[in-house]
Amino acid sequence: MICRSDKEREGMRAASRVVKAALDAAERFVRAGVTTLEIDAVIEETIRGMGAIPSSKGFCGYPNASCISVNDVVVHGIPSLQVVNDGDVVSVDVTALFKGYQGDAARTFAVGNVSAQNLALIDAAKAAFFAGLEYAKAGNRVGDVSGAIQLYTELKGYGVVRALTGHGIGRQMHEPPEVPNFGRSGTGVTLKNGMCLAIEPMITAGDWRVKVERDKWTVRTADGSNAAHYENTVIVTDGEPEILTL
Ligand code: MF3
Ligand code: CO
Ligand code: CO
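Quick note: the sequence shown uses this note's numbering, first residue -5, plus one each step.
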């Protein structure tokens, strides 16, 4: 969506505040011994408690309020009775609909004593987002953002997932344009003031290739290496982008 009014911007901010609250609640709750379904329940209660709707639930048949992706699961892990363990890397992705607008964000949490390698992986996903964000400015191209994310990620020695991308967002969870995490600067759609985007690097400690499980949702790294995901909903402006879910 391109926000043409303050009302639309306020709508996007309010939806994003719900997402942020749900992720904060998940962060406080996550610890060794809890199941991913329990984490999902905390997220769903937070969203509904704020009068919003967990828009993942029922989206293309997806069963839950959040996606919870442990270790080698990159994204779209379905909450289950799986217990998270000390040392795990747990990505949590939340989308909420509030008063007609969508917010979308993801964080990767370290559970207990996580290896230095895993902590570095988590940090790199966040840093890759900010590397891309630097180019999220009216007049630049989508490829400027994508190329910056890829360059940062690969320079750090990580893989950048290609099968899934960031996206425009607004009254729908997924709107044009696609925002890949790889590509060439100077290519793609020109960014405009008011454009709402979900920028979301998904990176791997090993090879970037992924496979989808038989449940049709769970995306794992093909080589079994761990992955991290970091996402925010942002509004592009003529100056600094506005990050709505931080
Ligand atoms: N939140 C995801 C994204 O970043 C989409 C999840 S769709 C679901 O685009 F159905 F898997 F929940
Ligand atoms: Co998301
Ligand atoms: Co998204």
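All C-beta atoms, glycine included, are put in the ideal place defined by N, C-alpha and C.
From a predicted model like this one, the values you see are computed outputs, not experimental measurements.
Item	Value
List, from N- to C-terminal side, the beta strand (DSSP E) runs of 3 residues or more that fit wholly inside the segment 120 to 190.	160 to 162 and 169 to 173
Going by the CB atoms, is the gap between Ile37 and Ala16 shorter than 9 Å?	yes
Using 8 Å as the cut-off, can you tell me whether the segment 183 to 192 makes contact with the segment 200 to 207, which would need three or more C-beta pairs spanning the two stretches below that distance?	no
Does the Cβ of Cys61 lie closer than 8 Å to at least one heavy atom of ligand 2?	yes
List the whole-angstrom C-beta distance separating Asn220 from Ala99, where the pair is believed to meet the contact cut-off of C-beta under 8 Å.	Wrong, their Cβ atoms sit about 20 Å apart, outside the cutoff.
Quick check: does the Cβ of Tyr56 come within less than 8 Å of any heavy atom belonging to ligand 1?	yes
Can you tell me where the beta strand (DSSP E) with Ser60 in it begins and where it stops?	Ser60 to Val64
By a C-beta neighbour count over all protein chains shown, 10 Å radius and 16 as the cutoff for buried, is Glu207 buried or exposed?	exposed
I'd like to know if the segment 123 to 140 and the segment 174 to 186 are in contact, where contact means that at least 3 CB-CB pairs between them fall below 8 Å.	yes
For Asn226, list the residues DSSP reports as bridge partners.	Ile193
Under a three-way DSSP split, which group does Gln111 fall into?	helix
By DSSP's criteria, Gly97 is part of a beta bridge. Which residues make up the other side?	Ala90
Just to confirm the assignment, what range does the beta strand (DSSP E) spanning Lys210 have?	Run containing Lys210: none; DSSP gives neither H nor E here.
To the nearest angstrom, how far is it from the Cα of Cys(-3) to the Cα of Arg3?	6 Å
Use the C-beta contact count for Lys210: other C-beta atoms within 10 angstroms, 16 or more gives buried, fewer gives exposed.	exposed
Under a three-way DSSP split, which group does Thr30 fall into?	helix
For Ser63 and Ala132, I'd like the C-alpha separation in whole angstroms.	33 Å
How about Glu194: is its Cβ closer than 8 Å to a heavy atom in ligand 3?	yes
Under three-state DSSP, which class holds Ser49?	coil
Can you tell me which of Ala46, Arg42, His70 and Ile41 puts its alpha carbon nearest to the alpha carbon of Gly55?	His70
Looking at the structure shown, is Glu236 part of a helix, part of a strand, or coil, going by DSSP?	strand
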